[in-house]
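Protein chains: 2
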Amino acid sequence: MSKRTDEPEHAAVALRDARERFIALWGQMGSSWGIPRTMAQVHALLFIVGEPMNTDEVMAGLGISRGNASMTLRRLVDWGIVSRVHRRGDRKEYFLAEQDVWKMFRTILAQRKKQEIDPLLEALQECRQTTDSPRTRKVDAEAAALRAHNDRLDDLITFMRIADSISQRFISPTGEGLELAAKLLDRAS
Amino acid sequence: MSKRTDEPEHAAVALRDARERFIALWGQMGSSWGIPRTMAQVHALLFIVGEPMNTDEVMAGLGISRGNASMTLRRLVDWGIVSRVHRRGDRKEYFLAEQDVWKMFRTILAQRKKQEIDPLLEALQECRQTTDSPRTRKVDAEAAALRAHNDRLDDLITFMRIADSISQRFISPTGEGLELAAKLLDRAS
DNA sequence: GACGATTTTCAAGAAGTTCTGAAAATGTTG
DNA sequence: CAACATTTTCAGAACTTCTTGAAAATCGTC
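For the protein sequence lines, the chains are A and B, in the order given. Be aware that the first sequence starts at 502, since it is given in our numbering, and climbs by one per residue. Be aware that the second sequence starts at 502, since it is given in our numbering, and climbs by one per residue.
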């Protein structure tokens, strides 16, 4: 091959390589945070390619089955970090990943908060009420244990409520979270 | 049973119940965030009981094997949210969970940052350099794709670096994270 | 409204992980 | 240093989660 074609080819190879590397990294990270590896990989692929892909392209790109691709793409759409796109003259559905990284993380955070934190917080509060005896008469060891138990739960619930409020600000669709972060960083310097 | 003993018994039952409920909740949450269910449960048990327990007590309390208890307790100690405690006149080792909820979360965050975020960030940067061609001569489609790819990676890396800096502040052992959160909340009202 | 194209579903199987239990290692006491 | 107590390790079992692939459903077109 001539020198003229060598460099572009090198660039194309590098791009393919970099994509694969990124997909692997993102998949690993996902799975260490409780997100199915394949789901993270599909997202990574769509994100790094940056343009709409159809199911068959995703299947081929990652070597996964149609069923898996379908399920995973749907989950990503449900989460809101991938959207369905239609192309004129093509019946196939195309999928495009959110390209705004801030928006993407806000969406993910919102989703996990809604699905995991909020129900947990509610359940914790319910659990706490279980031991909310109207009035303790005896000051015996048992009562003390109960009080200590309640204090621990209260601490935990308080913490989680605060964390919840903070995350709420980051999530807010006004994009305030972004500015907030920037401000924090400024003060940090 | 007489009325006099009825209420204390009720309290004891409620406590046992609440503990179990809490342990189940915490275990669930853990597993949805990529922490082995049993590990989260052992932590929950130690946290909610609030005093040192030995391996046999943990085994009995959760119905798990000695091997599992041993491994899991060690991981919790390594993470730094459970500490080993020794009791005079007792050969057994006892384990006590960190009771300060803020400290606990700071420790967990620090651990996960160190183990997962930091390596990822480093790998991402390395991945980014892969496609850092010295100078592009041609303004063809391929070069444009490369540039777009690099922009996407740069956005992502920038975001993660900012998130990293913020989390660093929360983690900082000076406890500043706590105050910071409080301030944020004040402004949020 | 029948046909071909595409997507979705889901039961069965594969893959991955967590757990067990008994053996080995370690530690302690007299 | 023998005897016993306690902890750790790890190969295989048990369990959970993820993936496949083919059948069913859906969709758009003629």
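For every residue, glycine included, the Cβ atom is placed at its ideal position computed from N, Cα and C. Quick caveat: nothing in here was measured; it's all calculated off a predicted structure.
By alpha-carbon distance to A/G581, the top candidate from A/G590, A/R588 and A/Q600 is A/Q600. The CB of B/T632 comes closer than 9 Å to the CB of A512, A515, L516, D518 and A519 in chain A, given here in chain order. Taking A/I672 as reference, the option from A/F660, A/Q612, A/E558 and A/R648 with the minimal CA-CA separation is A/Q612.
Boundaries of the beta strand (DSSP E) harbouring A/E594: E594 to A598, taken from the DSSP string. Residue nearest to B/R567 within the set B/G551, B/K614, B/D591 and B/T539 is B/T539 (criterion: CA-CA distance). Fewer than three pairs of CB atoms, one per stretch, sit closer than 8 Å, so the stretch 619-629 of chain B makes no contact with the stretch 584-592 of chain B.
Here B/A570 is buried: its Cβ has 16 or more other Cβ atoms, across all protein chains shown, within 10 Å.
Residue ranges of uninterrupted alpha helix (DSSP H) with 4 or more members, entirely inside the stretch 579-629 of chain B and ordered along the chain, are 602-613.
Note on geometry: alpha-carbon atoms of A/V559 and A/F596 lie some 9 Å from one another. Rounded to the nearest whole angstrom, the CA to CA distance from B/G535 to B/A545 is 16 Å. Counting only Cβ-Cβ distances below 8 Å, B/G551 has contacts in chain A at A649, H650 and R653, in chain order. With fewer than 16 other beta carbons inside 10 angstroms of its own, A/R517 counts as exposed. Within the stretch 604-627 of chain A, those residues whose Cβ lies closer than 7 Å to any Cβ of chain B are, in chain order, F606, E617, L621, A624 and L625. Judged by DSSP secondary structure, B/D652 falls within the alpha helix (DSSP H) whose first and last residues are A642 to I672. Between the alpha carbons of B/D655 and B/V550 lies a gap of roughly 47 Å. Considering only beta carbons, the part of the stretch 655-674 of chain A lying closer than 7 Å to chain B consists of D656, L657, F660, I663, S666, I667 and R670, in chain order. Taking 9 Å as the CB threshold, A/Q600 lines the interface with chain B. B/A644 has a beta carbon lying within less than 9 Å of a beta carbon in chain A.
Cβ atoms of B/L657 and A/V543 stay farther apart than 8 Å, at about 16 Å. For A/M554, the pairing in a beta bridge is given by DSSP as A/F596.
Taken through DSSP and simplified to helix, strand or coil, A/I524 comes out as helix.
Shown here, B/G568 sits in a helix according to DSSP, grouped into three states.
Contact note: A/W534 reaches chain B through W534, G535, R613 and E617, using a C-beta cutoff of 9 Å and chain order. Considering only B/T556, B/D641 and B/G564, the residue with the shortest C-alpha distance to B/R575 is B/T556.
Residue state for B/D518 is assigned as helix, using DSSP reduced to three classes.
Annotation for A/V586: P553, Y595 and L597 place their beta carbon closer than 6 Å to its own, counting only its chain and skipping 5 residues before and after.
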